[in-house]
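Colleague:
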Amino acid sequence: MSDWYRDFANSGVGTTLVRQLGLPRPAVLRRYTPGQPLLDGPALVGSAGEGRLRAEIEAVLRDDGVTVLSPAIADGGSGPKVAAVVLDATGLTTPADLASAHDFLAPAVKRLGTNGRVVVLGEVPGDAPSPALAAARQALDGLVRSLAKELRAGAIANLVYVPSGAEAAVPGPLRFFLSGRSAYVDGQTVTLSAVDAPSGDGGTTPLAGKVAVVTGAARGIGASIADVLGRAGAHVVAVDIPAAGQALAAVANRVGGTALQLDITAPDAAQRLVEHLVQRHGGADVVVHNAGITRDKLLVNMDSARWNSVLAVNLQAQLDLTQALLDAEGALKPGARVVAVSSQSGIAGNRGQTNYSASKAGVIGMVRAWAPAFAERGATINAVAPGFIVTEMTAKMPFGTREVGARLNSLQQGGLPVDVAEAIAWLAQPASAGVNGQVLRVCGQNLLGA
Amino acid sequence: MTRKAAIVGGNRIPFARSNKKYARASNQDMLTATIDGLVARYGLAGEQLGEVVAGAVLKHARDFNLTRESVLGSQLSPSTPAYDVQQACGTGLEAAVLVANKIALGQIESGIAGGTDTTSDAPLAVNDDLRHVLIALNNAKTLPDRLKLLGKIRPGQLVPDQPRNVEPRTGLSMGEHAAQTAKVWEVSRESQDELAVASHHNLAAAYDRGFFDDLVTPFLGLTRDDNLRPDSTVEKLATLKPVFGEGEGATMTAANSTPLTDGASAVLLASDEWAAEHQLPVLAHLVDAQTAAVDYVHGGEGLLMAPAYAMPVMLARNGLTLQDFDLYEIHEAFASTVLSTMKAWEDPAFCKEKLGLDAPLGSIDRSKLNVNGSSLAAGHPFAATGGRIVASLAKALHELGPGKRGLISICAAGGQGVVAILES
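These protein sequence lines are chains A and B, in that order. This note's numbering puts the first residue of the first sequence at 173, with every later residue one more than the last. This note's numbering puts the first residue of the second sequence at 107, with every later residue one more than the last.
(1) So the alpha helix (DSSP H) Pro454(B) belongs to, where does it begin and stop?
(2) Return helix, strand or coil for Ala518(B), following the three-state DSSP convention.
(3) To the nearest angstrom, how far is it from the Cα of Leu421(B) to the Cα of Leu513(B)?
(4) Going straight from the alpha carbon of Asn486(A) to that of Glu292(B), what length do you get?
(5) Whose Cβ in chain B lies nearer than 8 Å to the Cβ of Gln451(A)?
(6) Relative to the C-alpha of Leu236(B), which residue among Lys258(B), Ala399(B), Ala139(B), Leu392(B) is closest?
(7) Between Leu420(A) and the rest of its own chain, which residues show a CB-CB distance below 7 Å, the 5 nearest in sequence each way excluded?
(8) Is any beta-carbon of chain B found at less than 8 Å from that of Leu434(A)?
(9) Let me confirm a value: Ala58(B) is counted as buried when at least 16 other C-beta atoms fall within 10 Å, else exposed. Which label applies?
(10) Which value, in whole angstroms, describes the spacing of the CA atoms of Ala497(B) and Gln286(B)?
(11) Between Asn476(B) and Ile527(B), which are expected to be in contact by the criterion C-beta below 8 Å, what is the C-beta distance as a whole number of angstroms?
(12) By the three-class DSSP mapping on this structure, what secondary structure does Gln310(A) have?
(13) Could you name the residues that DSSP lists as bridge partners for Ile113(B)?
(14) When the distance is taken between beta carbons, is Gly220(B) closer than 8 Å to Ser371(B)?
(15) Would you call the stretch 459-468 of chain B in contact with the stretch 324-337 of chain B, where contact means no fewer than 3 C-beta pairs closer than 8 Å?
(16) My understanding is that Tyr434(B) touches Lys474(B), with C-beta atoms under 8 Å, so please give their C-beta distance in whole angstroms.
(17) Have a look at Val388(B) and Leu374(B) and give me their C-alpha separation to the nearest angstrom.
(18) Give the residues of chain A in contact with Thr323(B), contact being defined as C-beta atoms less than 9 Å apart.
(19) Please say whether Leu350(A) and Arg283(A) have beta carbons closer to each other than 8 Å?
(20) Could you list which residues in chain A have their beta carbon closer than 8 Å to that of Ala545(B), in chain order?
(21) At the 8 Å Cβ level, is Gly405(B) part of the contact set with chain A, yes or no?
(22) Considering only the beta carbon of each residue, do Gly524(A) and Leu470(A) sit closer than 8 Å?
(23) What residues match up with Asp466(A) in a beta bridge as DSSP calls it?
(24) In chain order, what residues of the stretch 384-411 of chain A put their CB closer than 9 Å to some CB of chain B?
(25) Give the range of the beta strand (DSSP E) segment to which Asp260(A) is assigned.
(26) Output yes or no for whether 8 Å exceeds the beta carbon distance between Ala398(A) and Val383(A).
(27) Which runs of the alpha helix (DSSP H) at least 4 residues long sit entirely within the stretch 158-204 of chain B? Give them in chain order.
(28) Since Val293(B) meets chain A, which of its residues come closer than 8 Å, beta carbon to beta carbon?
(29) Where Ala422(A) and Ala131(B) are concerned, what is the direct C-alpha to C-alpha distance, given to the nearest angstrom?
(30) List the endpoints of the continuous beta strand (DSSP E) containing Gly507(A).
(31) Answer with yes or no whether the minimum CB distance from Thr138(B) to chain A is below 8 Å.
(32) Does Asn271(B) come out as helix, strand or coil in the three-state DSSP assignment?
(33) Answer yes or no: does any C-beta atom of chain A fall closer than 8 Å to that of Gln181(B)?
(34) When burial is assigned at 16 or more other CB atoms within 10 Å of the CB, is Leu249(B) buried or exposed?
(35) Could you list which residues in chain B have their beta carbon closer than 7 Å to that of Asn425(A), in chain order?
(36) Apart from the five residues just before and just after Ser272(A), which ones in its own chain have a Cβ nearer than 6 Å to its Cβ?
Laid out in structure tokens, this is it:
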């Protein structure tokens with residue numbers, strides 16, 4: 173599962189060779205480890221117009237011990253390297269103001285070091301009182317996506333839309349996009365909701381005392397999600413089909429959690445899950461719908477068994493379990509977090525995967541439709557859409573297909589299961605209260621469906 | 107102070123026919139995996155339990171501390187004590203009784219009772235003659251003495267001693283003993299085959315409805331007992347030739363006798379308080395248990411008939427009749443054993459003369475017997491059967507609701523038997 177090409181391209185002779193041949197040189201990404209500082213260097217913070225978030229941004233950085241540099245000493249891009257560039261673009265009033273965004277970013281990005289972070293914060297285009305203002309705000313989306321494609325050496329750029337009243341919700345997302353947790357999240361836009369969110373990030377165990385359910389937890393991305401949630405302090409209820417029980421038990425024991433052998437498509441699955449959560453754990457704080465299957469065939473050759481089984485596991489079970497958890501007294505604790513695993517295929521489509529893509533697109537529809545009801549309960553529901561993630565499944569792909577698939581993104585490499593898990597664990601945190609109804613791609617800004 | 111021990115739940119690996127899926131697994135491998143499955147099910151990683159008690163019938167000399175070694179290899183806290191027990195096929199149930207008794211006395215708050223057996227990795231011992239020479243060799247002081255002893259070794263001494271499935275005092279296999287009893291009680295071939303088919307159908311149905319989802323954890327790629335034949339029919343079974351007994355009267359076939367099997371099981375027991383503290387369910391309580399032994403060598407009683415003797419003692423002590431139960435689990439060592447035992451309890455002469463009762467214990471409602479299958483379908487890794495039965499029965503009683511009673515009867519080699527009462 174190691175990335176031989178990335179390792180080669182970063183070796184002594186490899187670096188020279190790929191440079192001379194003009195080949196891509198994927199970086200070794202800075203991934204989160206417990207105790208790691210938010211950033212490995214100073215951050216440049218600037219504004220486009222009269223931004224209203226400078227105080228929140230600088231408070232987060234200073235709380236985490238990051239030196240904040242102001243644009244006055246940005247010095248035309250010739251200063252020392254910085255680990256992050258943060259632009260408060262909430263002060264935009266016209267498209268002409270975007271010039272100030274360019275004025276700040278151009279020299280700042282020049283100073284961005286390896287695995288650098290660019291975070292732009294703007295107002296929500298849909299809330300704009302005039303078409304011109306909406307255009308200015310929406311323009312940030314194009315700017316950030318293109319900048320993300322220009323960045324090299326593992327650097328990423330993401331955009332956070334902050335409506336008025338959502339200031340308290342900013343620190344969680346800001347920390348995520350600056351930290352090593354977002355290593356494979358690139359060119360994404362997240363729109364916050366105006367809610368109260370707890371200040372502080374909970375340190376290394378933001379989920380201490382929480383109960384987190386993960387379906388499909390026996391292997392692959394699901395096992396990694398269990399690991400990361402367990403590391404964050406949650407008691408993990410690891411769910412998978414009975415036939416996967418041996419691997420499931422190993423995962424549960426590894427994270428000090430509980431194994432629940434359950435076929436989530438069984439008629440009584442929802443009832444059994446609810447009973448287990450209520451009786452054994454006093455309800456769940458976090459539910460991760462990760463279980464998924466593929467039964468690939470071209471549409472014209474696909475039998476109904478392939479179609480039905482994929483829809484049943486990947487979509488209907490998510491709907492049924494979520495509804496049952498909402499209905500049952502005490503099954504979901506206050507402030508619950510539901511995260512559904514969608515897929516790049518659900519956004520971009522994929523040849524031979526009409527059933528899978530339908531189910532994964534359906535998941536996106538589900539979280540968006542459910543978000544207002546969750547907000548009323550002080551809860552959230554979001555989707556994460558992984559791109560090319562290196563797993564046992566991709567290891568079985570033909571060499572050419574796999575290598576091309578892994579490079580077709582701004583980071584020029586496949587992601588790891590832990591990258592998906594980090595994004596999910598972030599959404600599961602109390603500090604992510606303002607992130608609701610969002611679809612976060614963990615794809616290194618894949619070209620497909622971008 | 108006494109209190110009744112709670113049965114929280116259980117775990118077993120699917121049972122595998124001898125020399126199949128678990129051919130390379132040792133008793134310790136299987137017991138460790140089974141404990142780990144139980145630990146995962148009940149979120150006990152790193153937990154220190156009061157005691158783990160388990161055993162194996164066929165045991166290597168190296169496994170002198172089998173259960174403790176399994177605990178050390180498991181996810182339980184290494185400070186959990188453990189010891190081995192062995193009572194032939196009664197091992198698993200006896201282990202549960204031992205753990206339950208310590209809980210009842212307040213000596214421990216929680217414990218695991220289990221058992222494991224492999225007939226694929228059976229111990230082969232050095233032939234006794236050779237062993238004597240080797241021990242003398244080890245004690246010899248001079249080279250000439252040693253050479254002299256080495257010269258005593260003969261080719262015949264190099265053949266290892268194999269464990270045999272026979273009673274040491276009679277030289278008869280358990281099946282041959284059971285065939286004698288079947289003849290005494292005139293147990294028909296048809297009734298044995300019917301019982302075997304019911305066992306397969308009941309076990310298959312229990313798997314299909316997800317009954318074993320929280321009782322079994324797959325092992326080495328096996329997800330269900332590989333002896334299970336869901337499509338078994340009386341007609342098919344009728345075509346088999348008898349393997350035990352002789353001549354016209356022989357009724358016991360490979361299908362109505364349990365095959366040699368590999369597997370392991372474990373049951374989590376606790377005080378009600380411990381279960382509540384850990385937010386764990388109480389499926390049932392272990393109410394009482396009784397062992398008995400019969401003189402099958404000289405006394406004219408069948409090798410596997412001891413449970414028939416243990417039962418009235420336990421019933422009388424609890425003021426219960428044989429009919430006061432909602433579910434019955436009579437271990438299917440052989441279909442004929444189950445049927446002989448039930449015939450004995452129905453027989454006025456046996457109950458009066460052998461059991462000293464004024465009236466027979468009476469009959470059992472067959473619709474309440476082994477409702478989720480038993481050893482004929484699942485297989486019978488000797489020491490693992492008790493744990494399988496205790497956990498399955500506790501769950502079945504729990505499903506029926508509170509206050510339901512279940513009865514367990516297990517026969518064992520050496521003319522022994524263990525019976526127990528569970529109540530939800």
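Virtual Cβ for every residue (Gly too), placed ideally from N, Cα, C.
Modeller: Reading it off the structure:
(1) 454-459
(2) strand
(3) 10 Å
(4) 57 Å
(5) Gln385, Pro387
(6) Lys258(B)
(7) Ala389, Ala390, Ala410, Asp412, Ala431, Gln433
(8) yes
(9) Residue 58(B) lies beyond the range of chain B shown here (107 to 530); nothing can be said about it.
(10) 32 Å
(11) Their Cβ separation, rounded to whole angstroms, is 16 Å, which puts Asn476(B) and Ile527(B) out of contact at 8 Å.
(12) helix
(13) Leu375(B), Ala390(B)
(14) yes
(15) no
(16) 5 Å
(17) 10 Å
(18) Pro414, Gly417, Gln418, Leu420, Ala421, Ala431, Gln433
(19) no
(20) Residue 545(B) falls outside the range modelled here, since chain B spans only 107 to 530, and no answer is possible.
(21) no
(22) yes
(23) The residue asked about is misnamed: residue 466(A) is Thr in this sequence, not Asp. Answer by DSSP bridge pairing: none, since Thr466(A) is not bridged.
(24) His407, Val409, Ala410
(25) 254-263
(26) no
(27) 172-179
(28) Within 8 Å Cβ-Cβ: nothing; Val293(B) doesn't reach chain A, min ~36 Å.
(29) 18 Å
(30) 504-513
(31) no
(32) coil
(33) yes
(34) exposed
(35) Asp142, Val145, Ala146, Ala151, Gln181
(36) Ala220
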